[in-house]
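Residue numbers (my numbering): 55 to 117.
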């Protein structure tokens, strides 16, 4: 019985880790684009809008 509980806890923690990984990856990607990509600034890309639209979706990703 304890083994089953530990297995469930392990699976749940792995699922939570995966979601936070996507959120961290998106944040890193967005920050690099915001700070270092002159092309986005030249082309008037709404980079802050990209973050507003897509960042909330990162927490909904399931693997």
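Beta carbons: idealized from backbone N, C-alpha and C, even for Gly.
With contacts defined as CB atoms closer than 8 Å, residue 112 and residue 83 fail to qualify as a contacting pair. For the 8 Å CB-CB criterion, residue 116 and residue 80 do not form a contact.
For residue 113, the three-state secondary structure derived from DSSP is coil. Distance from the CA of residue 78 to the CA of residue 88, rounded to the nearest whole angstrom, comes to 15 Å.
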